[in-house]
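Q: Here it is, the structure, as structure tokens.
Protein chains: 2
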Amino acid sequence: MARGKIQLKRIENPVHRQVTFCKRRTGLLKKAKELSVLCDAEIGVVIFSPQGKLFELAAKGTMDGIIDKYMKCTGGGRGSSSAIFTAQEQLQPPNLVCLSSP
Amino acid sequence: MARGKIQLKRIENPVHRQVTFCKRRTGLLKKAKELSVLCDAEIGVVIFSPQGKLFELAAKGTMDGIIDKYMKCTGGGRGSSSAIFTAQEQLQPPNLVCLSSP
DNA sequence: CTCTATAGATAACG
DNA sequence: CGTTATCTATAGAG
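Residue numbers (our numbering), protein chains in the order written: chain A, 954 to 1055; chain B, 954 to 1055.
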């Protein structure tokens, strides 16, 4: 992203990987919070570093409440407007689906 | 971020907010997956749109496993290397804490 | 939806 | 650990 392009694969150098993890984790949490503020969405993020360290972000509400809501949507999720996906399907094709007008 | 600067507040126009939500949600999930791949981290993201729609991303493992691991780290979290924060504390000061060398 | 210019994120450097 | 050059994400237009 900066002085050099990134590879879409695991960083091998342990030191470099640690630095990148720290920076990107910060950026990801920032982005998550921005999305929740801009669009009034409830967002929860959980990150486990390779060293087993846990990082959590709960925007709008608590993580506990988000997990509870998530459980209801998946476990007993017979709600009509739920979209569960694992992102493998959603992100691999360069295909954005947006609504430009209602 | 592009033809105009963004405000760090809730978007009022419903249509504009919907479009932004869609674009940023896609970008956030992409970033999350990149982080998990680059740094070999286990990441779970849960997003509830204002309309109550649920979006989930589980990178490296299942969301169920991530939540389970999360519960153990918080509930019985007497582990020595756990960092729980709500991002309010972590992101507001322009203060990055990184390890340059181990 | 697709394209483009620009704001924002960040890899490498000091 | 702060700065800078670049790359990427994305707001706005077509």
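For every residue, glycine included, the Cβ atom is placed at its ideal position computed from N, Cα and C.
Could you compute how far the alpha carbon of A:V999 sits from the alpha carbon of A:N966?
A: Here residue 999 of chain A corresponds to residue number 46 of the first sequence, with the count starting at 1. Here residue 966 of chain A corresponds to residue number 13 of the first sequence, with the count starting at 1. One C-alpha to the other measures close to 24 angstroms.
Q: What residues from chain A crowd round B:E995, counting only those whose CB sits closer than 9 angstroms?
A: One-based indexing of the second sequence puts residue 995 of chain B at position 42. Correct list: V999, I1000, F1001, S1002 and P1003.
Q: State whether the region 977 to 986 of chain A contacts the region 1001 to 1009 of chain B, with contact taken as three or more CB pairs (one from each stretch) at a distance under 8 angstroms.
A: Not touching, per the Cβ criterion.
Q: Ignore the nearest five residues each way along the sequence and tell me which others in B:V972's own chain have a CB closer than 7 angstroms to its CB.
A: In the second sequence, the residue the question calls residue 972 of chain B occupies position 19. Result list for B:V972: empty, nothing under 7 angstroms.
Q: For B:I1019, does the three-state DSSP call read helix, strand or coil?
A: Translated into positions along the second sequence, residue 1019 of chain B becomes position 66. B:I1019 falls in the helix class under three-state DSSP.
Q: State the start and end residues of the unbroken beta strand (DSSP E) segment that holds A:L997.
A: As a working note, residue 997 of chain A is residue 44 in the first sequence. One point to set straight first is that residue 997 of chain A is Gly, not Leu, in the sequence displayed. E995 to F1001 is the span of the beta strand (DSSP E), which, as asked, contains A:G997.
Q: Can a CB atom of chain A be found closer than 9 angstroms to the CB of B:G980?
A: The count along the second sequence starts at 1 and reaches residue 980 of chain B at position 27. Output row for B:G980: interface = yes.
Q: Could you list which residues in chain A have their beta carbon closer than 8 angstroms to that of B:R977, in chain order?
A: Position 24 of the second sequence holds residue 977 of chain B. Going along chain A in sequence order, the residues near B:R977 (Cβ under 8 angstroms) are K984, E987, L988, L991 and C992.
Q: Name the chain B residues whose beta carbon is nearer than 8 angstroms to that of A:K962?
A: In the first sequence, counting from the first residue as 1, residue 962 of chain A sits at position 9. By Cβ distance, chain B contributes V990 and L991.
Q: Which residues of chain A have a Cβ atom closer than 8 angstroms to the Cβ of B:R970, listed in chain order?
A: Here the question's residue 970 of chain B lines up with position 17 in the second sequence. Those within 8 angstroms of B:R970 in chain A are L991, C992 and D993.
Q: Grab the span of the alpha helix (DSSP H) containing A:A985 for me, first residue to last.
A: Looking up residue 985 of chain A in the first sequence gives position 32. Where A:A985 is concerned, the enclosing alpha helix (DSSP H) stretches over P967 to C992.
Q: Pull up the CB-CB distance for B:I1020 and B:G1005, whole angstroms please, since I reckon it's below 8 angstroms.
A: Taking the second sequence and counting its residues from 1, the one referred to as residue 1020 of chain B is at position 67. Taking the second sequence and counting its residues from 1, the one referred to as residue 1005 of chain B is at position 52. In fact, because the Cβ distance is near 20 angstroms, the residues do not count as touching under 8 angstroms.
Q: Flag A:K1022 as yes if its beta-carbon sits less than 9 angstroms from any beta-carbon of chain B, otherwise no.
A: Here the question's residue 1022 of chain A lines up with position 69 in the first sequence. So yes, A:K1022 belongs to the interface.
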